[in-house]
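Just so you know, the protein sequences line up as chains L and P, in that order.
Here the first sequence is numbered in our numbering, starting from 36 and rising by one per residue.
Here the second sequence is numbered in our numbering, starting from 40 and rising by one per residue.
For every residue, glycine included, the Cβ atom is placed at its ideal position computed from N, Cα and C.
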Amino acid sequence: MLKLNKLQTRRLYYLLALMLGLALAAGLILYSLKQNINLFFTPSQALQANLPAGHRFRLGGQVKPGSVIREKNRLQVHFILTDLKRELPVTYSGILPDLFREGNGAIAEGSWGTASQSKKTFIATEILAKHDENYMPRAMYEELRKK
Amino acid sequence: MFKKPLLQKMLSQTQVFLTRVMSPPYFFSFAEKCLPWFVAVFVAALAYGLIGGLFLAPADYLQGEGFRILYVHVPCAFLSLMIYSVMAVAAAFGLIWRLKLAFAVMRQSAPLGMVFTFLALVTGSLWGKPMWGTYWIWDARLTSELILLFLYLGILALHSALPNRRLADHATAILVLIGFVDIPIIHYSVNWWNTLHQGSTLRLLAPSLIAPSMLYPLLAMTVAFCAYYAIALILRLRCALLSESGAR
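Here it is in structure tokens:
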């Protein structure tokens, strides 16, 4: 049963060749589409890409701790997204998701502001919160934070 | 040739065992013996997993009680990939050795895998709205999982579209193997690209990134879902093989 005769060996080789070819093709396609598959630009990538004002894209990174400023009497929020190398100021008007916290990840969709070209500001129309893969009870979190 | 070396003896016995299990009549009696054990494992693991996950496990520090949907979402997503892998192995066995049982395993697993993929997408979507702020986003993980759902649909459609049994089995097996490319893409999508979906929490070789009190119910739920798959597959196989031999 599990011994291979000549015919079965040939079939095995055909299948292996098929799988190998597919893996190679898929790998090349995905590699060349890398930029399109990425959901967002990091601040470094966004600064490097030099996109024109008004061009919509997503900017993702960590909300810099201590950078969130909420305007009084308005829903306007200002904060800084960072990838720990470069950072970018973001302005958003609207309701933030619950998990939007300083120090956590966030993805902003929008475009560069048109006002001042010297200091670039990202005007977001939608904010999504990104959480990481760690799950723990509150007590454990507090203990880890103390350390 | 009075004394066979031990290894050779073991090998030949394994071969005899596999030969028997893989022929439908012996498969039935083997499956009959296994079925009650799978049911026992399913009931025990599901009971512990549900009580542990929904009541005993503490709330998450960030997501609060809402994180408990993890106990359904993760096993569903795991099974959607595992069932496809089982189908791909069965397809290869079927194509190389022309095993009727292997094709039956492949064909009968497809609807189960499709349901788990659908559930993984739905539970993930319901989880995404309160936590991320959106039901759906075209990130690499979500999109590749959606492609998996379409693969399952395509496999079922192709198999039922071909009237010739042999042709249907062979064509579907090749489609299953081609679609297998998607499985590593789904698994590694969160590492290869920027995604909204977070990375894997459960690690095989390293400690998992979840507190132990939350981990054990999750593992129990995964075991329960696997046992459910085994039960459903055995019942479906029995039905399919019987109706097939009756038709002849």
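Secondary structure of P/A98, DSSP reduced to three states: coil
Separation of P/L45 from P/I186, as counted between CA atoms: 48 angstroms
Anything in the segment 146-175 of chain L with a Cβ closer than 9 angstroms to a Cβ of chain P? List those residues in chain order, please. E161, I162, L163, A164, K165, H166, D167, E168, N169, Y170, M171, P172, R173, A174, M175
Go ahead and pull the three-state DSSP assignment for P/T162. helix
Proximity of L/V112 and L/T156 at Cβ, strictly below 9 angstroms: no
Does the CB of L/A58 have a neighbour CB from chain P at under 9 angstroms? yes
What does DSSP give as the partner residues of L/Q70 in its beta bridges? BP columns for L/Q70 are empty, so no partner.
Looking at the C-beta of L/A143, does it have a partner C-beta in chain P at a distance below 9 angstroms? no
Pull the bridge partners of L/K165 from the DSSP assignment, please. L/G140
Taking the C-alpha atoms as reference points, what is the distance between L/F75 and L/F92? 7 angstroms
Does the distance from the C-beta atom of P/A250 to that of L/P172 stay below 9 angstroms? yes
Show which residues of chain P have a CB atom less than 8 angstroms away from the CB atom of L/A61. V220, I224
What residue range is occupied by the uninterrupted alpha helix (DSSP H) comprising P/G103? No alpha helix (DSSP H) contains P/G103, which DSSP labels as neither H nor E.
Here's the rule I'm using: 16 or more other beta-carbon atoms within 10 Å means buried, otherwise exposed. How should P/R107 be labelled? buried
On the DSSP letters alone, give me the boundaries of the alpha helix (DSSP H) that L/L123 sits inside. L/L123 -> not in any alpha helix (DSSP H); beta strand (DSSP E) instead, spanning 122-128.
With 8 angstroms as the C-beta to C-beta threshold (strictly closer), list the residues of the segment 230-242 of chain P near chain L in chain order. W231, W232, N233, T234, L235, Q237, G238, S239, T240
Are P/A149 and P/H198 closer than 9 angstroms when you measure CB to CB? yes
C-beta neighbour in chain P for L/N85, strict 9 angstroms: no
Give me, in chain order, the residues of the same chain whose beta-carbon lies closer than 7 angstroms to that of P/G133; leave out the 5 immediate sequence neighbours on both sides. A141, F142, M145, D208, A212
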